[in-house]
Amino acid sequence: MVILFPVTDSKRNFISIAEFEPQAGALSEICGLPGCGKTEAVLQWVGRRLESGEQERVAWVERKFTAYPVAFPQYGVELSRVCFVDAEDADDKKLGWVCQQILSSQAFSIVVIAWGAACSLVELRRLQLAAEKSQVKVVLLADQPSAAALWPIRLQVEASRSPSTGEPRLRVLRNRGGAVALSADSLLARVEELRAHREKLRSLQHQQHFAQHLTEEENVETCSSNVSSA
Amino acid sequence: MQQQRIERVACVWATAPMTEAEVQSLAEACLRLSPQVAIRGREAVFIEVGACRLLYSEVSIKQRLLALAHRLVRRGVRVAIERDAGLALARARVPFELERMPLSSLADFVDPFGVEAARDPESARAQARVLGRQVALLTELGIRSVGEFLSLPPASLASRLGREALSLNARVRGELGHAWPGFHPPEKLSERSDTGGENLEALLFVARGLLDRITARLRGRALRASSIEVTLEMERWSTLTPDRTGGRRFVISFPLPQGSLAGMLPVIRERLGFELQKEPLEAPVECVEIEVLETVPGRGAQKDFFSRKEEQDEIIESLLGRLTHKLGQAAAFIARPVARHLPEKSYERTLEVVPARETTVVFPRRPSRLLPEPERISFHGLRVAAFEGPERISPEWWDQADGERDYYRVVLGDGPQQGAMLWVYREPGTREYFVHGIFD
Numbered sequence: 001m002v003i004l005f006p007v008t009d010s011k012r013n014f015i016s017i018a019e020f021e022p023q024a025g026a027l028s029e030i031c032g033l034p035g036c037g038k039t040e041a042v043l044q045w046v047g048r049r050l051e052s053g054e055q056e057r058v059a060w061v062e063r064k065f066t067a068y069p070v071a072f073p074q075y076g077v078e079l080s081r082v083c084f085v086d087a088e089d090a091d092d093k094k095l096g097w098v099c100q101q102i103l104s105s106q107a108f109s110i111v112v113i114a115w116g117a118a119c120s121l122v123e124l125r126r127l128q129l130a131a132e133k134s135q136v137k138v139v140l141l142a143d144q145p146s147a148a149a150l151w152p153i154r155l156q157v158e159a160s161r162s163p164s165t166g167e168p169r170l171r172v173l174r175n176r177g178g179a180v181a182l183s184a185d186s187l188l189a190r191v192e193e194l195r196a197h198r199e200k201l202r203s204l205q206h207q208q209h210f211a212q213h214l215t216e217e218e219n220v221e222t223c224s225s226n227v228s229s230a
Numbered sequence: 001m002q003q004q005r006i007e008r009v010a011c012v013w014a015t016a017p018m019t020e021a022e023v024q025s026l027a028e029a030c031l032r033l034s035p036q037v038a039i040r041g042r043e044a045v046f047i048e049v050g051a052c053r054l055l056y057s058e059v060s061i062k063q064r065l066l067a068l069a070h071r072l073v074r075r076g077v078r079v080a081i082e083r084d085a086g087l088a089l090a091r092a093r094v095p096f097e098l099e100r101m102p103l104s105s106l107a108d109f110v111d112p113f114g115v116e117a118a119r120d121p122e123s124a125r126a127q128a129r130v131l132g133r134q135v136a137l138l139t140e141l142g143i144r145s146v147g148e149f150l151s152l153p154p155a156s157l158a159s160r161l162g163r164e165a166l167s168l169n170a171r172v173r174g175e176l177g178h179a180w181p182g183f184h185p186p187e188k189l190s191e192r193s194d195t196g197g198e199n200l201e202a203l204l205f206v207a208r209g210l211l212d213r214i215t216a217r218l219r220g221r222a223l224r225a226s227s228i229e230v231t232l233e234m235e236r237w238s239t240l241t242p243d244r245t246g247g248r249r250f251v252i253s254f255p256l257p258q259g260s261l262a263g264m265l266p267v268i269r270e271r272l273g274f275e276l277q278k279e280p281l282e283a284p285v286e287c288v289e290i291e292v293l294e295t296v297p298g299r300g301a302q303k304d305f306f307s308r309k310e311e312q313d314e315i316i317e318s319l320l321g322r323l324t325h326k327l328g329q330a331a332a333f334i335a336r337p338v339a340r341h342l343p344e345k346s347y348e349r350t351l352e353v354v355p356a357r358e359t360t361v362v363f364p365r366r367p368s369r370l371l372p373e374p375e376r377i378s379f380h381g382l383r384v385a386a387f388e389g390p391e392r393i394s395p396e397w398w399d400q401a402d403g404e405r406d407y408y409r410v411v412l413g414d415g416p417q418q419g420a421m422l423w424v425y426r427e428p429g430t431r432e433y434f435v436h437g438i439f440d
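For the protein sequence lines, the chains are A and B, in the order given. At position 87 of the first sequence (counting the first as 1) the number is 87 in the numbering used here, and the numbers step up by one without a gap. At position 297 of the second sequence (counting the first as 1) the number is 297 in the numbering used here, and the numbers step up by one without a gap.
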């Protein structure tokens with residue numbers, strides 16, 4: 001099979017999944033339309049975490065349960081270490097209670113929540129406090145990014161498919177409290193990228209300046225030739 | 001190499017007589033250490049800990065027994081571990097070395113389990129009279145401690161003090177053992193408290209104590225509770241409850257059998273909270289009783305000293321129980337793959353923590369999201385950037401309702417979901433496509 005993708009997107013603000021690292025005791029949100037690869041991104045991150053920590057366990061809560069557990073081992077996620085909760089028909093209050101129970105049990109180091117509809121500020125704040133108390137990494141899955149006023153979310157990233165490879169990639173929308181999600185290598189790469197961009201801009205400016213200069217010279221020459229011909 | 005078994009007997013002796021329920025509960029809870037348990041009336045429980053010593057030190061056994069007694073018996077207890085039941089009882093009563101023990105302690109060596117006294121009280125009294133005479137005789141001879149009694153040459157004991165003295169000497173030396181009476185825990189596993197309350201918090205405080213005792217007894221029997229009944233008896237002569245004198249009963253079934261207080265109490269809190277909110281108490285509760293209706297075998301495994309896995313499993317099972325109770329059956333689960341090809345039937349929801357080897361599956365690439373019902377899709381107006389397939393999946397031969405399916409991975413080429421991957425299928429020979437999963 002050959003998959004062809006148009007390479008049109010800029011690489012700015014994108015981080016690789018290897019660089020995605022939600023902070024313990026804080027809320028992180030990963031959003032994107034269905035099929036964009038947000039679940040795969042989370043699963044890859046969870047798989048990485050489970051490989052490194054033997055005692056880690058994951059709670060996976062969804063209001064409208066569509067997660068397919070059979071696919072989880074593909075990303076290195078052992079099913080025996082994942083507890084699923086299908087909170088179908090649960091209202092916000094009940095779903096909040098479920099999340100509080102999971103967080104306060106302290107049996108899980110990672111909690112993934114697909115809230116479904118937009119999560120209210122009150123519920124987000126409750127989740128944030130519970131996550132902070134239990135020092136659990138809470139990742140919210142959403143189709144649309146939550147509104148900017150929802151300050152309890154510390155890290156907000158948007159997932160999309162890479163046009164070249166089709167693999168999921170992440171773009172940082174919000175990173176409250178500093179570049180906690182970026183590794184040192186990533187920061188250095190970003191600096192290099194910015195330098196290259198600046199150089200490119202400079203060269204463009206030079207070119208524009210040169211072109212403008214040429215145009216002016218041409219204009220002058222044209223005028224002088226016109227004058228001489230006249 | 002098999003280690004030689006040494007007989008060691010632990011005796012838990014209460015400084016004041018226990019109730020019948022307390023002594024039974026304590027003996028039942030002690031079954032976790034050894035199957036050989038005996039009780040002496042309402043004053044002592046004996047546990048044969050010879051084999052148990054291979055797992056725990058005697059100090060640890062003593063601490064465990066004291067902790068159990070603290071949970072189950074509301075009075076002071078002393079614990080002694082010795083070579084036989086008589087000596088253990090005597091040491092528990094009088095915390096002196098054998099050499100300094102008073103002669104009155106000799107009575108503990110005669111019938112430590114109290115079998116004779118229970119079977120034939122008259123004979124026991126006669127035996128006590130004989131022993132009294134012998135103690136008086138020994139005192140007259142200037143012998144004041146058990147150590148001095150043991151220093152007498154056994155060969156001359158029968159001629160000087162009679163054959164009873166020879167038999168007694170052999171018992172004190174540990175040369176003559178006692179047959180252990182059997183202990184059979186009661187069939188009904190229930191705890192009752194005559195302390196009540198007027199609100200939920202007070203009732204839960206009482207229930208907590210009862211559950212603590214019940215879990216200790218369950219642990220002794222290596223069982224877990226799957227269903228319990230909570231009975232609240234209200235004040236009989238309350239003017240508010242002229243008709244309801246029987247109290248209120250709540251049967252609570254645990255979705256996952258529970259063997260710990262942390263697993264049971266939140267479920268009971270939820271249930272009682274719901275019921276009492278719906279129908280408040282008419283009168284103060286004067287008695288709370290909790291009875292275990294159904295049990296299942298518990299885990300017999302020893303605790304892993306270097307890992308918290310068992311504790312984690314217990315916490316998770318307790319959490320699963322609470323969530324299932326709140327959200328409904330199979331709402332909280334652990335997924336277990338099953339050997340079935342159809343995607344929607346390839347895993348099952350279970351409440352048991354699944355061993356890791358059972359969860360490792362190898363499949364062609366599967367989507368991270370599976371729709372509950374396949375949705376028909378039309379590719380008119382959609383540009384497909386790429387596709388992969390087909391992967392043919394056949395249903396079970398006995399299931400005629402489903403036909404074969406050819407699955408494709410399809411990458412959308414334009415629109416708002418550019419690059420999105422879908423898992424679509426069609427039945428061979430047809431042109432209708434269905435979305436079954438999303439590579440989200």
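Glycine is no exception: its CB is placed at the ideal position from the N, C-alpha and C atoms. Treat the numbers as computed from the prediction; the structure is a model and nothing was measured.
B:Val267 and B:Gly197 closer than 9 Å at C-beta = For B:Val267 and B:Gly197, no; Cβs fall outside 9 Å.
Does any CB atom of chain B fall closer than 9 Å to the CB of A:Leu79?
-> Chain B contact via Cβ: present.
Report the three-state DSSP secondary structure of B:Asp399 (helix, strand or coil).
-> In the structure shown, B:Asp399 sits in coil (DSSP, three-state: anything other than H, G, I, E or B).
Is DSSP giving A:Lys137 helix, strand or coil here?
-> Three-state result, A:Lys137: strand.
With DSSP run on the structure shown, which of helix, strand or coil describes B:Met421?
-> In the structure shown, B:Met421 adopts extended strand secondary structure according to DSSP, grouped into three states.
8 Å contact criterion, which B:Val79 and B:Ala10 should meet: CB distance rounded | The distance from the Cβ of B:Val79 to that of B:Ala10 is about 6 Å, consistent with a contact at the 8 Å cut-off.
Can you list, in chain order, the stretches of the alpha helix (DSSP H) that have 4 or more residues and sit fully within the region 160-221 of chain B?
-> Within the region 160-221 of chain B, the alpha helix (DSSP H) runs of at least 4 residues that lie entirely inside it are, in chain order, 163-173 and 200-221.
Element boundaries [alpha helix (DSSP H), containing A:Leu103] | Asp92 to Ser105 is the extent of the alpha helix (DSSP H) around A:Leu103.
Chain B contacts from the region 23-39 of chain A (Cβ-Cβ distance under 9 Å) | Taking 9 Å as the upper bound on Cβ-Cβ separation, chain B lies near residues Gly32, Leu33, Pro34, Gly35, Cys36, Gly37, Lys38 and Thr39 of the region 23-39 of chain A.
Nearest chain B C-beta to A:Lys94 closer than 9 Å, yes or no?
-> A Cβ of chain B is located within less than 9 Å of the beta carbon of A:Lys94.
Would B:Arg89 pass as a contact of B:Val146 if the rule is Cβ separation under 9 Å?
-> A small fix is needed here, since residue 89 of chain B is Leu in this sequence, not Arg. Against a cut-off of 9 Å, the Cβ pair of B:Val146 and B:Leu89 comes out as no contact.
A:Glu192 by DSSP, collapsed to three states: which one?
-> DSSP places A:Glu192 in the helix class (H, G or I) of the three-state scheme.
Can you find a CB in chain A that lies within less than 9 Å of the CB of B:Met101?
-> So, not an interface residue.
Boundaries (first-last residue) of the beta strand (DSSP E) holding B:Gly273 = Per DSSP, B:Gly273 lies in no beta strand (DSSP E); the unbroken alpha helix (DSSP H) holding it starts and ends at Leu261 to Lys278.
What separation, rounded to the nearest whole angstrom, lies between the Cα atoms of B:Thr430 and B:Glu391?
-> Each residue's Cα considered, the two are about 16 Å apart.
Grab me the residues of A:Gln44's own chain with a C-beta within less than 6 Å of its C-beta, minus the 5 sequence neighbours each way, in chain order.
-> Taken in chain order, the residues that qualify are Ile17 and Tyr75.
Are B:Ala335 and A:Val111 closer than 9 Å when you measure CB to CB?
-> No; because the gap between Cβ atoms is not below 9 Å, this pair is not in contact.
Return helix, strand or coil for B:Thr15, following the three-state DSSP convention.
-> Note: B:Thr15 maps to coil in three-state DSSP.
Is the distance from the Cβ of A:Ala142 to the Cβ of A:Cys31 below 9 Å?
-> Between A:Ala142 and A:Cys31, the C-beta spacing is below 9 Å.
Which listed residue (A:Arg125, A:Leu95 and A:Glu199) has its alpha carbon closest to that of A:Arg63 = Scanning A:Arg125, A:Leu95 and A:Glu199 for the CA closest to the CA of A:Arg63 turns up A:Leu95.
By the criterion of Cβ-Cβ separation under 9 Å, what are the contact partners of A:Pro145 in chain B?
-> The premise fails here: A:Pro145 is roughly 14 Å from chain B at the closest Cβ pair, so nothing lies under 9 Å.
Enclosing beta strand (DSSP E) for A:Ala159 [first to last residue] = Ile153 to Arg161 is the extent of the beta strand (DSSP E) around A:Ala159.
Identify the contact partners of A:Ser105 in chain B, using a Cβ-Cβ distance below 7 Å as the criterion.
-> Correct list: Ile315 and Leu319.
Are the C-beta atoms of B:Ala332 and some chain A residue less than 9 Å apart?
-> B:Ala332 counts as touching chain A.
Taking C-beta pairs closer than 8 Å, name the residues in chain A that B:Met264 reaches, listed in chain order.
-> Annotation: B:Met264 has no Cβ neighbours in chain A at a cutoff of 8 Å; minimum Cβ distance is about 15 Å.
For a contact meaning CB atoms closer than 7 Å, what does B:Arg392 contact in chain A?
-> Correct list: empty, because the minimum Cβ distance to chain A is about 16 Å.
Start and end residues, alpha helix (DSSP H) containing B:Phe96 | No alpha helix (DSSP H) holds B:Phe96; DSSP gives it neither H nor E.
How would you write the range of the alpha helix (DSSP H) that A:Trp45 sits in, first residue to last?
-> Taken as a continuous stretch (DSSP letters only), the alpha helix (DSSP H) holding A:Trp45 covers Lys38 to Ser52.
Is the region 220-237 of chain B in contact with the region 24-33 of chain B, if contact means three or more CB pairs nearer than 8 Å?
-> Output reads yes: the region 24-33 of chain B touches the region 220-237 of chain B.
Between the C-alpha atoms of A:Ala181 and B:Glu375, what's the straight-line distance to the nearest angstrom?
-> Any reading at A:Ala181 must be qualified, since the residue scores a pLDDT of 45, below 50, and its modelled position is unreliable; no value is offered.
Assigned secondary structure, A:Gln55 (DSSP; H/G/I helix, E/B strand, else coil) = Looking at A:Gln55 - three-state DSSP - the assignment turns out to be coil, as it is neither helix nor strand.
Beta-carbon of A:Phe14 versus every beta-carbon of chain B: anything under 9 Å?
-> No, no contact with chain B.
Put B:Phe113 into one of helix, strand or coil per three-state DSSP.
-> DSSP places B:Phe113 in coil when its eight states are reduced to three.
Partners in chain B for A:Cys83, counting only beta-carbon separations shorter than 8 Å | Within 8 Å Cβ-Cβ: Ile316, Leu319, Leu320, Ala332, Phe333 and Ile334.
Going by DSSP, name the residue or residues bridged to B:Ala90.
-> Paired residue(s): none; B:Ala90 is not in a bridge.
Tell me where the alpha helix (DSSP H) around A:Ala67 begins and ends.
-> From DSSP, A:Ala67 is part of no alpha helix (DSSP H); its letter is neither H nor E.
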